[in-house]
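Novice: Right, I'll just put the structure down here and ask away after.
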Amino acid sequence: MLEIVRALPAFSADASGQPGVARRGDGSPARLLVVEDESLLADMLLDALSFAGYEVHVCRSGVQAMAAVEERRPDIVLLDVNMPDFDGFTVAARLRAASDLTPIIFLTARDTAQDLRRGYLSGGDDYLTKPFRLEELRLRIEAVLRRTLDGRDAETTRFEVGDLVLETRAHQVWRAGEEIELSATEFRLLTQLIRNVDKVLSRADLLRQVWGMEFDSDTSLVETYISYLRRKLDNREPRLIRTVRGVGYVLRRPRE
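Under the working numbering, think of the first position of the sequence shown as 22, with each following residue one higher.
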């Protein structure tokens, strides 16, 4: 498998005094997988992200990406869409179909609303269009890693609402004692709802908290993923996820 690997010493703060990179539970730097078939960009990302303190692996195709995710167990995948064998959307969909929840940030020149929607629905956690600023990429990487790296959340890790139980560190969900398998995005959405039980969250709130989107997109991401959660979790009584028309969504505690 054609793969480039580089890791430079991590640091606690950059030249501007900003916090350093996220670290794994054992103290080692976060592990990134870059999937990019353009050699110039791949090398630039390898150098820049290694210098920033991450452990970085680069591969050039969808087939290599699938193998590298299994072998390297990265903390995040930076995934191009246009590749020589099969595209990044397919890579993401296959990973999710295999119950692999590794966070994915798409890096692509494809910038239509349809592409954005397809990226998120295939399992992406974020979507950054080319050309992009390296500092913005790093900020997005850190935002995703803060939500996902083990040991980062010192707050409550177990939530119970009626017969619904969510464990953040184990990344597990049960309803009436039955374990429910969720995608990474579905899990983040449910986590936001259950952390804010009985509080109505607007569409804008959820776009920002779950997808890191600060703009009012014309996509229907929130509605789509709410429907996914309802099919998996709310196909029995009592129904927990409620729509507050014109406002947003809320996870309600069942009445005693």
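Built from N, CA and C at the ideal position, the CB exists for glycine as well. Source: prediction; values computed, not measured.
Taking buried to mean at least 16 other C-beta atoms within 10 Å of its own C-beta, is aspartate 47 buried or exposed?
Specialist: Classification for aspartate 47: exposed.
Novice: Taking the C-alpha atoms as reference points, what is the distance between leucine 227 and valine 271?
Specialist: Rounded to the nearest angstrom, the two C-alpha atoms are 11 angstroms apart.
Novice: Taking the alpha-carbon positions, what's the leucine 86 to glycine 198 distance?
Specialist: The question names leucine, yet the displayed sequence has alanine at residue 86. Cα to Cα, alanine 86 sits roughly 35 angstroms from glycine 198.
Novice: Is the segment 128 to 142 touching the segment 159 to 167, taking contact as three or more C-beta pairs under 8 angstroms?
Specialist: The segment 128 to 142 is not in contact with the segment 159 to 167.
Novice: At what residues does the alpha helix (DSSP H) containing threonine 111 begin and finish?
Specialist: 109 to 118 is the extent of the alpha helix (DSSP H) around threonine 111.
Novice: Around the C-beta of glutamate 207, are 16 or more other C-beta atoms found within 10 angstroms, so that it is buried, or is it exposed?
Specialist: Buried, because 16 or more other Cβ atoms sit within 10 Å of the Cβ of glutamate 207.
Novice: Under DSSP, the beta strand (DSSP E) around glycine 269 begins and ends at which residues?
Specialist: 269 to 272 is the span of the beta strand (DSSP E), which, as asked, contains glycine 269.
Novice: Measuring alpha carbon to alpha carbon, tell me which residue in Leu122, Val194, Arg179 is nearest threonine 169.
Specialist: Among Leu122, Val194, Arg179, the Cα nearest to that of threonine 169 is on Leu122.
Novice: Could you name each continuous beta strand (DSSP E) segment of 3 residues or more that falls completely within the segment 136 to 192, going from the start of the chain to the end?
Specialist: Listed in chain order, the complete beta strand (DSSP E) runs (minimum 3 residues) inside the segment 136 to 192 are 147 to 150, 179 to 182, 185 to 188.
Novice: Can you grab the Cα-Cα spacing for the pair arginine 173 / threonine 189, in whole Å?
Specialist: Its pLDDT being 47, under 50, arginine 173 is placed unreliably by the model, and the measurement read from it follows with that caveat. Cα-Cα distance, rounded: 11 angstroms.
Novice: Helix, strand or coil for valine 265 per DSSP?
Specialist: Residue state, collapsed to three classes: strand.
Novice: Which residue comes first and which comes last in the alpha helix (DSSP H) that contains arginine 93?
Specialist: That run of the alpha helix (DSSP H) goes 83 to 93.
Novice: What separation, rounded to the nearest whole angstrom, lies between the Cα atoms of histidine 192 and methionine 104?
Specialist: Distance between the alpha carbons of histidine 192 and methionine 104 is about 31 angstroms.
Novice: Is it right to say valine 42 is buried, meaning 16 or more other beta carbons lie within 10 angstroms of its own, or is it exposed?
Specialist: Classification of valine 42: buried, given that the 10 Å Cβ count is 16 or more.
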